[in-house]
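Chains as they are written, first to last, in our numbering: chain E, 9 to 317; chain Z, 1465 to 1892; chain P, 22 to 391. Where is the CB? At the ideal position from N, CA and C, for every residue including glycine.
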Amino acid sequence: MKVAQLFRDYFAKNGIGLGSFLLVAVLFWVVILIVLPQLSMLDFSFRHHLPPPEMGGPKDTYTIEHYKYLVLGAPGADTTYNVVDLGVFGRTLLAALFVTILDLVLCYPLAYYLGQSRGGGAIRILVLLLIIPYWINEILRAFAFRIIFGESGLINEMMLAMGLISDPVDFIRANVALYAGLGYAYILLMIFPIYNVIESLDRNQIEAARDMGAPWWRIHWRVVIPYAKPGISSGCTMVFMLSAGALAAPQILGGPSSLWFTQIIYQWFNTGGNWPRGAAFAIVLLVTCIIIVLSMMRLFKVKIGDIGK
Amino acid sequence: MKTNNILLKFILGAYLVVFFGYLLGPLVVMSITAFNSPSFPKLTPWECLTFEWFDVLAHDERILNGIENSFVIGIGTVILSVIMGLAGALLLTQIWPKLRATYYTIVIAPILIPGVVLGISTLVFWDRMSIMLGMSSGGILHNGIFLTILGQSTFIASYCMLVFIARLQRFDTGLTEAALDLGATQVQAFRKILLPFMKPAIGSAAVLAFLASFENYNTTTFTFGKYPTLTIELAQKVRYGINPSISALAFIIIALTILGALAHEIYRRRQQLALANGAPVAAVSGGFQLPKFFRGNPAAIILVLLALGGASTIWFAQSYSPNACKMDVREQKQLLQQERIKAIREKRQLEQQQKQHQGPDVFSGSKSGSPATQSPGKGAFGNVFAPGNLDKSGPAAKPDEPAKSPGKGAFGDVFSPKNLDQAAPKED
Amino acid sequence: MTKGVDVDLENVWIRFGDFVAVREANVNIKGGEFFSFLGPSGCGKTTILRSVSGFLEPSEGTVRIGGRDMTGIGPNKRPTALIFQNLALFPLMKIWENITFSMEVKGASKAERRKRADELLEMIALPDQGEKLPSELSGGQKQRVAIARALCAEPDVLLLDEPLSALDLKLRQHMRTELREIQQRVGITFIYITHDQGEALTMSDNVAVMRAGVVDQIGSGHTVYNDPATPFVASFVGENNVFRGKVKSIDGDMALISTNRTGELLARIATTAQGTLKVGDPAMLFVRPEALNIAPDITPAPNRFAAMVKHEEFEGQIYNVFLEGSEGKEIKMSLVNIGTERQSAEGMNLTLEYVPEQAVVLPAGELASE
């Protein structure tokens, strides 16, 4: 009854035509594009890997073999656990965490500086400079880092020329290029949420704290950071999720020995040809990321509504 | 206290330089490599100023095809995402308060879901749909363009929605009520009041959606099917073989981005100016008033300078031919190589002599055959050659045929340095 | 011009969930009348207005405009036009487009609309301003544009939701006069919402005073001010000194109250309480500051009491004298400045008196909180 009233009010407010159009558009988005594909992928990840004609046949039953595979490895393998895939998984998460921290450390001072300086042409140009790299294709950004960090890249050539080293350093193998590239790719997603929050911080609060004799680090610790917390966690969440889910940068900048978890998923879908297993791995990635983000938000007492501001 | 300030300023300046160096350096380096002649994109050593990579780019069928696909997909994504994002934002303002948080979480989630997962779920879902519906594998549900648009719109619509929410927060719902009160129907009120108000946001959401679609890789890589987008093609190229035509493309994209950003900045500046003066925008933009328009508008000055620079570069590119330079470099390389090889030979001979003095049992490779295989290491040549070229060019430049090398210049017009190397042995 | 039509609220209740915004409102507004709803913020007056304009359906009861039941009729179909508190001028439309929006949605031609816009701009004394945007006008000009826009729809009833609250004092006083003039010229029903008693009293034919969703009293400004129906009205409309106590005796329409702190005082029983107020009932006695005077002698009387001057404020035409009665009772007295020497000074002990007919006794009840 209450729901009926709700719909009546809604259509009274928007009119039948417009109201149904909005509703259909949102339902299409939420149900067809967001919810059903995720559920379908979840369902699919519990299926056997079958050739298309056998799908829906008697052999098409539910199984947890793909999840088992991730944890225990192929049946008959000589290790108890799937050391390779689990190792990649753990390393991906750790690396994503590292990239997140790197970006936070790098971006906080600038976000603070931009947020607290009063507008002005110079600041606007700085903001513009910040945005421009973001509009450049992700692949090209990774490519740029390959030019710089490659064996005969800019840095090696320069160091060789200056006589700092005698042999080129393999930055790619050492993952330096990968971290630099990933950190680079998501800098903006860290800086803007923090900047937006700090911009709304009353300068007088900082003045007052300084007036009371607080040293600069205490001002940040007690005044600025608590205030900027929603922005910081929003930025960290996005950078973490995107780094963990990155595919292009690891493919281009990753060393031969270090795989990213997304690359394994990619392989199951393309060269491996085992879609259900790829789906299962994707589910694991998704769920783990959600758990990490939710617990981070719980830890820092931030609401989901703060994300994306 | 004062020294403290200076120190602080210095640290801040250094930090800004490092930060923006990190941010812009890679783009600058990449852009410059587009004009260097070696076939592997690199900045050092600088060999010849060349525009041939733009030519190579313009004749790359796969890139051109990718651009076309990207545009089709981009436009589809813009339409779908803007509509869904707008509807999503409008519904958010009206939804039952108890449902609002859940609803917001669902529609914002696609931003946080890894793009890979979105691509996979889209692929899996529509694949299974088509099986359920009994459609053939060539049907629309397997069409790369269809799947990519859906997959990308899933999360791009969330971005659009955020843009719309920000704008809607400043919308006075009283305006819609006023329109209704004055006799407008709901659709009239929407079209005449809300849509005009949302127009700037719709514009920026569309641009955002298009760019996001254009550069998307993670989702598209699972859904593109037979229609690789530009980004997919680029990724293939970057992963499996690089030449500076990609740098050339990057340079074009960067230049377009900067021009776009500056034009936008100027537009905003002008609007602000208009608002500050209390005059309507039309009054400021109308008429010829360049001087005023420049005043206090660094973006405009930069834009004009860039345009001039661009024009002169194009003029220069058409009149300039890098062939002479390339020949020089080629010659120099060979001379250098000869000298090195000579040096090595002498050194070896010296060693041999020494060793012969010491004892007869030492292996001797006195024939000069292929110096590259026995060269002391890539390091010696590394300054000049990319590792890949080294092996090929090594044997080609035989030390006993120096006289002929200038003659190769005749081919210079058509050959890139790489081709030149391969052509060289044929002349023997 | 058209004669305005009646607006009737019959037993109107409006609820939001468990919250009752309007409780059993029965109001009859006559055609062509300038009618005000006066009350503090949150009293439900805007809610009533929205139910008349059609943005809200009453949970119970009916709204009639010109005798026609408005249930189920949307705001765009009602013969009302609303002037919003923030005016709600369409920021992206020019002034003339704003004014003639109601014609645009009905499909009137551009020439027709321009002509009508020019007429209305003439009427609100803003000729040649039609091409501007709302942001380029001053507050008072915007105000007039909003009125013109509402009038362009040719409504039978014009609803105004505190339209003057954003203006500064001078302009507000000027616009009061102007609004009243426009109303008399076009002759339609005006329903005006305000929390400012000055506005309500100066402009209205009749005023409804509201408290927490309840209409306490309906009457002319004169009635509401001099013969309040409830302690709330007495304390909300204008200022009043309140003396709490019990009814000691009743003589016709006069009652003697034994107050808690100020002894026994005599006053007229308010019209609404006559016949119902009984001896021994808790009661409140209201004396307006301007009804108080300094007594010529100190002889005790039931319309006199003693108080000490705490401090004074000089406002030009009047002095406000703040006094302390027995047991710390606060009292305010306003004396007209007739140019003679001041009769009071801080610390002075005075005997105050009033005309008993000018003071009002009401059954004890809720006061307006300051």
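- Assignment of alpha helix (DSSP H) within the stretch 153–226 of chain P, counting only whole runs of 4 or more residues, yields 160–173, 190–207 and 218–224 in chain order.
- What G1647(Z) touches in chain P, judged by beta-carbon distance under 7 Å, is N97, S123, V126, K127 and A174, going in chain order.
- For D90(P), the pairing in a beta bridge is given by DSSP as R85(P).
- The beta carbons of A102(P) and L180(P) sit closer together than 8 Å.
- In terms of CA proximity to V184(E), V107(E) leads the group Q275(E), V107(E) and A12(E).
- Less than 8 Å separates the beta-carbon of E333(P) from that of N341(P).
- In this model, A1673(Z) and Y194(E) are separated by some 18 Å (Cα to Cα).
- Within the same chain, I173 come within 7 Å of M167(E) by CB-CB distance, once the 5 residues on both sides are set aside.
- For L313(P), the secondary structure class from DSSP, reduced to helix, strand or coil, is coil.
- Taken through DSSP and simplified to helix, strand or coil, G38(P) comes out as coil.
- DSSP places N1500(Z) in the strand class (E or B) of the three-state scheme.
- Rounded to whole angstroms, the gap between the alpha carbons of M196(P) and A169(P) is 14 Å.
- CA-CA distance, N370(P) to A322(P), rounds to 17 Å.
- For N341(P), the uninterrupted beta strand (DSSP E) run begins and ends at I339 to E345, by DSSP.
- The C-beta distance from I50(P) to G75(P) rounds to 16 Å, too long to fall under 8 Å, and the pair is not in contact.
- With a cutoff of 8 Å on beta-carbon distance, V245(P) and V228(P) are scored as near each other.
- Under the three-state reduction of DSSP, Q1796(Z) is assigned to helix.
- Residues of the same chain with a CB within less than 6 Å of the CB of F253(P), apart from the 5 flanking positions on each side, are R232, D237, E387 and A389 in chain order.
- Each of I1613(Z), Q1650(Z) and G1647(Z) was checked against the Cα of W37(E), and the nearest Cα belongs to I1613(Z).
- Segment contact: the stretch 278–286 of chain P against the stretch 315–331 of chain P, three or more CB-CB distances shorter than 8 Å; contact assigned.
- Nearest in C-alpha terms to D39(P), of all of G337(P), S80(P), D318(P) and S123(P), is S80(P).
- In terms of Cα proximity to F1635(Z), the closest of L1658(Z), Y1623(Z), F1518(Z) and V1546(Z) is L1658(Z).
- Judged by beta-carbon spacing, D302(P) lies beyond the 8 Å limit of K269(P), meaning their Cβ atoms are not closer than that value.
- At least 8 Å separates the beta-carbon of N281(P) from that of Y375(P).
- The beta carbon of P1660(Z) sits closer than 8 Å to some beta carbon of chain P.
- Closest in C-alpha terms to P1692(Z), from the list R1526(Z), L1644(Z) and Q1796(Z), comes R1526(Z).
- Residue burial annotation: N119(P) is buried, with at least 16 other C-beta atoms found within 10 angstroms of its C-beta.
- Using a Cβ-Cβ cut-off of 8 Å, S74(P) counts as an interface residue toward chain Z, since at least one Cβ of chain Z sits closer than that to its own.
- If you check the CB distance, P1578(Z) and N1682(Z) come in under 8 Å.
- Counting along the chain, the unbroken alpha helix (DSSP H) around Q213(E) starts and ends at R211 to D219.
- DSSP places V1542(Z) outside any beta strand (DSSP E); the residue lies instead in the alpha helix (DSSP H), whose first and last residues are E1525 to Q1558.
- Residue pairing from DSSP places A304(P) in a beta bridge opposite G266(P) and P384(P).
- Distance from the Cα of L209(E) is smallest, within the candidate group Y121(E), I260(E) and D17(E), for Y121(E).
- Rounded to whole angstroms, the separation of the alpha carbons of L1698(Z) and F1715(Z) is 14 Å.
- Pairwise C-beta distances place the stretch 268–275 of chain E out of contact with the stretch 130–144 of chain E, as fewer than three of them are shorter than 8 Å.
- Boundaries for H228(E): no alpha helix (DSSP H) harbours it, and the DSSP string shows neither H nor E there.
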